[in-house]
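J.:
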Amino acid sequence: MGHRIINGNSVLSFSKGIEFINSWSGYLADHASDADRRKSQQPEESPKHYIDIDAYTEFLTTGKINQNYDSLLSKYGKNFVEAQGSLPWAILDAVDSLQKLFERNDWDKAKLIASDLGHYVGDAHMPLHLTKNYNGQYSGTYGVHSRYESTLIGKYSGQIKYDGDSLLYIKDRSDYIFNFIYANYIYVDSVNRADEYALSIAGSYNEVYYTELWNLTGKFTVNLFEDASNVLANLIYTAWIDSGSPVITDLKDNVQTPGKFFLKQNYPNPFNPTTTIE
Numbered sequence: 009m010g011h012r013i014i015n016g017n018s019v020l021s022f023s024k025g026i027e028f029i030n031s032w033s034g035y036l037a038d039h040a041s042d043a044d045r046r047k048s049q050q051p052e053e054s055p056k057h058y059i060d061i062d063a064y065t066e067f068l069t070t071g072k073i074n075q076n077y078d079s080l081l082s083k084y085g086k087n088f089v090e091a092q093g094s095l096p097w098a099i100l101d102a103v104d105s106l107q108k109l110f111e112r113n114d115w116d117k118a119k120l121i122a123s124d125l126g127h128y129v130g131d132a133h134m135p136l137h138l139t140k141n142y143n144g145q146y147s148g149t150y151g152v153h154s155r156y157e158s159t160l161i162g163k164y165s166g167q168i169k170y171d172g173d174s175l176l177y178i179k180d181r182s183d184y185i186f187n188f189i190y191a192n193y194i195y196v197d198s199v200n201r202a203d204e205y206a207l208s209i210a211g212s213y214n215e216v217y218y219t220e221l222w223n224l225t226g227k228f229t230v231n232l233f234e235d236a237s238n239v240l241a242n243l244i245y246t247a248w249i250d251s252g253s254p255v256i257t258d259l260k261d262n263v264q265t266p267g268k269f270f271l272k273q274n275y276p277n278p279f280n281p282t283t284t285i286e
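Going by the working numbering, the sequence shown opens with residue 9, and the numbers climb by one from there.
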């Protein structure tokens, strides 16, 4: 549900030159969870949805990690790095794939990859996808992942509304991606503390609990959704610019002014397995 909102609202930021992507809103929303559906059939898919960034000692001391995947492999070993997830590199590879598809004017596959890109960007704006304490197992808040990500959003999705923002061309994709991951990580403790406090007030995971949890997390949660939609728009825009800004000529859907999208209550690159990240 959350991914549908993020993907669908990304087009609110498109204008001037790339407004043809406005017609993708419904498609991006409908296919926002395709990546999740592949997990059971493609074991390599799951690691793309998270990074346990606080498992890296350098993150605990400096607040950052080496952005080069091969360098991390050399330092920590293949088994360790793979176990911590590959979310930022999945985003990088999806943008790279999208650029190549734009260059080939392969609009149908471009929409598919843009949908996956939106999913990974959405995961990177869900704090519990960025930590080894992803389900509260180290903080006494076990089960918080689904309570916050699924049940809470299901109850309050109608309150997640926002506008588009100005498009930005991203010069350094890797820095941009890692920086928003670092920024979103700070909400890990906020979610866990809110969960603990809401339970102390409600006594069980009842409606009082979810009301209190939303009161405590709603503001930054809406901000994270808005940021995710805008990040997706920026990355699609960047891939389009770097592909030479092709004009789509065979749209099957009519271009239309997008409305706000809300609900009431590649790694490895699938089209270019030898993608190089610089």
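Backbone N, C-alpha and C fix where the C-beta goes; we use that ideal spot for every residue, glycine too.
Helix, strand or coil for residue 17? Go by DSSP, reduced to three states.
T.: Looking at residue 17 - three-state DSSP - the assignment turns out to be helix.
J.: Note the first and the last residue of the continuous alpha helix (DSSP H) segment covering residue 197.
T.: 195-210
J.: Near residue 175, which residues of its chain fall below 8 Å by C-beta distance, leaving aside the five closest residues on each side in sequence?
T.: 21, 22, 23, 26, 241, 242, 245
J.: Are the CB atoms of residue 287 and residue 59 nearer to each other than 8 Å?
T.: Residue 287 lies beyond the range of the chain shown here (9 to 286); nothing can be said about it.
J.: Does DSSP classify residue 171 as helix, strand or coil?
T.: coil
J.: Buried or exposed: which applies to residue 45, given that a residue is buried once 16 or more other Cβ atoms fall within 10 Å of its Cβ?
T.: exposed
J.: What residue range does the alpha helix (DSSP H) around residue 159 cover?
T.: No alpha helix (DSSP H) contains residue 159, which DSSP labels as neither H nor E.
J.: What is the residue span of the alpha helix (DSSP H) that residue 245 lies within?
T.: 215-250
J.: Provide the residue span of the alpha helix (DSSP H) that contains residue 35, from first to last.
T.: 33-38
J.: Quick one: grab the DSSP three-state call for residue 84.
T.: helix
J.: Can you give me the Cβ contacts of residue 55 inside the same chain, cut-off strictly under 7 Å, excluding the 5 residues immediately before and after it?
T.: 90, 93, 94
J.: Who are the near neighbours of residue 140 in its chain, counting only those whose CB is closer than 7 Å to its CB and skipping five residues on each side?
T.: The answer, listed in chain order, is 60, 62, 63.
J.: Between residue 40 and residue 15, which are expected to be in contact by the criterion C-beta below 8 Å, what is the C-beta distance as a whole number of angstroms?
T.: 4 Å
J.: If I measure Cβ to Cβ from residue 206 and keep anything under 6 Å in the same chain, skipping five residues before and after, which residues do I get?
T.: 217, 220, 221
J.: Hey, residue 109 and residue 99: beta-carbon distance below 8 Å or not?
T.: 8 Å or more divides the Cβ of residue 109 from the Cβ of residue 99.
J.: Can you have a look at residue 186 and say buried or exposed, based on whether 16 or more other CB atoms are within 10 angstroms of its CB?
T.: buried
J.: Rounded to a whole number of angstroms, what is the C-alpha to C-alpha distance between residue 208 and residue 201?
T.: 11 Å
J.: Give a yes or no on whether the C-beta atoms belonging to residue 53 and residue 43 are separated by under 8 Å.
T.: yes
J.: Buried or exposed for residue 191, please, with buried defined as at least 16 other CB atoms from any protein chain shown within 10 angstroms of its CB.
T.: exposed
J.: Does DSSP put residue 67 in a helix, a strand or coil?
T.: helix
J.: Compare the C-beta of residue 135 against all C-beta atoms of chain B and say whether one is closer than 8 Å.
T.: Absent here is chain B; the protein component of the structure consists of one chain.
J.: Short of 8 Å in beta carbon distance, which residues of its chain neighbour residue 129, apart from the five on each side in sequence? Order them along the chain.
T.: 14, 99, 236, 239, 240, 243
J.: I think residue 151 touches residue 162, with their Cβ atoms under 8 Å apart; what is that distance to the nearest whole Å?
T.: Residue 151 to residue 162, Cβ: 15 Å. No contact.
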